[in-house]
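4 is the number of the first residue of the sequence shown in the working numbering; add one for each residue after it.
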Amino acid sequence: MVALSKTIFKAYDIRGVIGKTLDTGIARHIGRAFGAAALAKGERKVVIGRDGRLSGPELTAALSDGLRDAGVDVIDLGMVATPMVYFATNVLDTRSGIMVTGSHNPPDYNGFKMVLAGEAIHGEAITALHDSIAAHDGKVADQRGAYGTHDIRAAYIERIVGDVKIARPIKIAVDCGNGVAGAFAPELFRGMGCEVIELFCEVDGHFPNHHPDPAHPENLEDLIRCLQETDAEIGLAFDGDGDRLGIVTKDGQIIFPDRQMMLFAADVLSRNPGAEILYDVKCTRHLGPWIEQHGGKALMWKTGHSLVKAKLKETGAPLGGEMSGHIFFKDRWYGFDDGLYSGARMLELLTREQDPSSLLNGLPIASSTPELHLHLHEGENFALIDKLRTGASFPGSDRIVDIDGLRVEYPDGFGLARSSNTTPVVVLRFEAETPQALERIQGEFRRVILAAKPDAELPF
């Protein structure tokens with residue numbers, strides 16, 4: 004049995020490597036601890052689901068046993084996309100759920116995304132689960148919880164198809180990277196009236212074709228090629244558990260989520276004038292002004308799906324989004340991140356146009372880098388950001404936003420360095436109006452990082 008390690012208890016979820024930091028024993032402990040936490044909130048039932056990973060069935064069975072040991076009833080959805088577990092906590096007789104998923108990580112990873120009494124738990128609430136496991140005396144409830152299964156598929160698809168309407172028929176290409184979204188996306192979009200070309204929609208936990216992560220351009224090459232070679236008008240891509248969306252235009256341009264948010268924000272603000280729209284620190288500097296031009300209030304926030312969900316709830320904002328592809332609709336939906344639903348909403352907007360790619364390519368854009376990762380040893384990432392916060396200076400900058408790392412804004416661009424909350428890396432991203440400005444801003448960050456850590460192997 005794998006020993007309990009605090010390292011798997013991340014900022015937004017629990018995540019480990021099968022056989023090294025995560026196994027059925029740990030899954031059962033997590034079930035017991037979460038079950039106790041649910042009961043303390045007055046929750047008697049917990050819904051569970053799993054993605055298409057090879058370790059999913061055994062982990063889910065152990066998780067279920069642990070929940071039932073605690074005296075909680077289990078509703079097992081089987082193999083579903085993560086947003087379908089979130090959906091179930093909004094429409095079934097429970098507000099608590101656990102998704103067994105490794106998201107976009109390599110095949111030997113798996114983990115747990117959790118909703119407790121209607122809240123996506125993060126930070127101290129996840130640490131508390133570790134502490135509860137460490138302190139557990141082995142006792143189980145006098146009356147074990149019941150177990151039942153439920154098929155949520157039809158209700159989920161009908162709810163979307165009943166509300167989201169395309170304006171005209173459209174042919175699309177859908178790349179699911181052999182992740183679990185492949186079991187649902189083609190049916191959903193055909194149900195909306197789309198003609199669908201399927202790429203890698205067979206669920207396969209080996210991920211034999213490419214990694215299921217649309218945030219990285221190399222994972223979109225097959226979709227770009229498909230659009231070139233067929234008469235599909237637009238391409239949609241999903242991550243391993245279906246809670247993130249990627250978009251590719253007919254001419255092969257990647258529309259990153261911060262630009263997707265522009266279309267979504269304009270649409271949502273047409274019904275919610277003056278509303279706040281949330282976006283994370285990694286997003287383009289063009290998004291805030293766009294939101295304000297369309298009558299909204301722009302609110303930059305920390306990165307992390309659980310953190311954005313919590314802020315959405317606190318502010319009552321009808322829309323939030325992250326550069327990673329998590330988009331949160333409270334307008335006409337429930338406020339959780341859902342790549343499949345976001346794809347449906349995007350098609351609703353694009354089919355109003357005769358040339359969807361022209362609309363997408365016409366959105367404001369700047370020279371930018373994808374997410375860059377500075378790899379460090381465990382804990383070094385936080386220490387480096389703290390050092391930069393206290394010691395680094397950035398001459399010529401307009402302002403420094405420090406809610407999540409350091410986002411240094413200049414008249415012609417920005418640079419960002421923030422600590423990942425899930426792996427020992429510093430995440431970097433740069434954007435500017437010209438390639439020369441981009442190089443200058445990267446140079447400023449190179450200077451301060453190497454001053455703080457001379458042996459840093461920079462990815463730019």
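We put the beta carbon where it would ideally sit given N, CA and C, even for glycine.
Under 8 Å between C-beta atoms of H213 and G180: For the pair H213 and G180, the CB atoms are nearer than the 8 Å cut-off.
Stretch pair the region 384-394 + the region 258-272: three plus CB contacts closer than 8 Å: Contact annotation: the region 384-394 does not touch the region 258-272, with fewer than three C-beta pairs closer than 8 Å.
Contacting residues, own chain, Cβ-Cβ under 6 Å from G105 (five flanking each side not counted): Leaving aside the five residues that flank G105 on each side, the residues in its chain whose CB is nearer than 6 Å to its CB run, in chain order, R56, Y112, N113, G114.
D79 burial status per 10 Å Cβ neighbour count (16 or more: buried): Buried, by the Cβ-count rule.
From L441, T425, T426, residue whose alpha carbon lies closest to that of R432: Sorting L441, T425, T426 by C-alpha distance to the C-alpha of R432 places L441 at the top.
CB contact flag (F331, Y89, <8 Å): No, these two residues do not count as a Cβ contact at 8 Å.
Cβ shell of K316 (< 8 Å), same chain only, five flanking positions each side left out: Once the five neighbours on either side are set aside, the close Cβ partners of K316 are E122, G338.
Span of the alpha helix (DSSP H) around E460: Counting along the chain, E460 falls outside any alpha helix (DSSP H), and DSSP gives it neither H nor E.
Sub-8 Å separation of K314 and G277 beta-carbons: If you check the CB distance, K314 and G277 do not come in under 8 Å.
Per-residue burial, E232 [other beta carbons within 10 Å of its own, 16 or more giving buried]: Exposed, by the Cβ-count rule.
Beta-carbon proximity of G323 to L281, cut-off 8 Å: Yes, these two residues count as a Cβ contact at 8 Å.
Buried versus exposed call for T97 [16 or more other C-beta atoms within 10 Å across all chains shown]: The residue in question, T97, is buried, as its Cβ has 16 or more Cβ neighbours within 10 Å.
Outcome for S396 when other beta-carbon atoms lying within 10 angstroms are tallied against a minimum of 16: Label assigned to S396: exposed.
Between the CA atoms of F187 and G81 - distance to the nearest angstrom: Going by the C-alpha atoms only, they are around 13 Å apart.
Three-state class that DSSP yields for A84 in the structure shown: DSSP places A84 in coil when its eight states are reduced to three.
Minimum C-alpha distance to V103 - residue among K48, I33, E221: Selected option, being the one with the closest Cα: I33.
Neighbour-count burial assignment, A73, 16 or more Cβ in a 10 Å radius: It is buried - the Cβ of A73 has at least 16 other Cβ atoms within 10 Å.
Closest Cα partner of T372 within the set L42, H380, E434: Looking at the Cα atoms, E434 is the closest of the given residues.
Residue from H125, D244, E161 with nearest C-alpha to R53: Checking every option, the nearest Cα to that of R53 belongs to D244.
Backbone secondary structure at T27 - three-state DSSP: Looking at T27 - three-state DSSP - the assignment turns out to be helix.
Residue from E356, D415, P462 with nearest C-alpha to I169: Of the candidates E356, D415, P462, the one whose C-alpha sits nearest the C-alpha of I169 is E356.
Nearest-angstrom Cα separation, counted from L453 out to A176: Rounded to whole angstroms, A176 and L453 show a C-alpha spacing of 44 Å.
Length at least 3, wholly inside the region 297-347: the beta strand (DSSP E) runs in chain order: Within the region 297-347, the complete beta strand (DSSP E) runs of at least 3 residues fall at 300-304, 322-324, 330-332.
G394, enclosing alpha helix (DSSP H) - first and last residue: It spans 383-394 - the alpha helix (DSSP H) in which G394 sits, taken as one unbroken run.
Close-in-space but distant-in-sequence residues of the same chain around I155 (CB under 7 Å, 5 per side omitted): The answer, listed in chain order, is L80, V83, M87, F90, A91.
Pick from L419, R274, A184 that is closest to I444, judged by C-alpha positions: Of L419, R274, A184, the residue nearest in Cα terms is L419.
7 Å CB neighbourhood of P414 in its chain, flanking five on each side removed: The residues D401, in chain order, have a CB closer than 7 Å to that of P414 in the same chain once the five nearest residues on each side in sequence are set aside.
Backbone secondary structure at N113 - three-state DSSP: N113: strand per DSSP, three-state reduction.
Distance CB(I160)-CB(E205) smaller than 8 Å: Judged by their CB atoms, I160 and E205 are not nearer to each other than the 8 Å cut-off.
Member of V183, A6, L343, A128 whose CA lies at the smallest distance from the CA of T27: Nearest in C-alpha terms to T27, of all of V183, A6, L343, A128, is A6.
N275 versus R262 - alpha carbon distance: For N275 and R262, the distance between alpha carbons rounds to 20 Å.
When L379, S327, G399, T130 are compared against D246, the one with the closest alpha-carbon: Nearest of L379, S327, G399, T130 to D246, Cα basis: S327.
Inter-residue Cα distance where the pair is R449 and I257: Near 27 Å, if we compare the C-alpha coordinates of I257 and R449.
Burial state of H378 (16 or more Cβ within 10 Å): Exposed.
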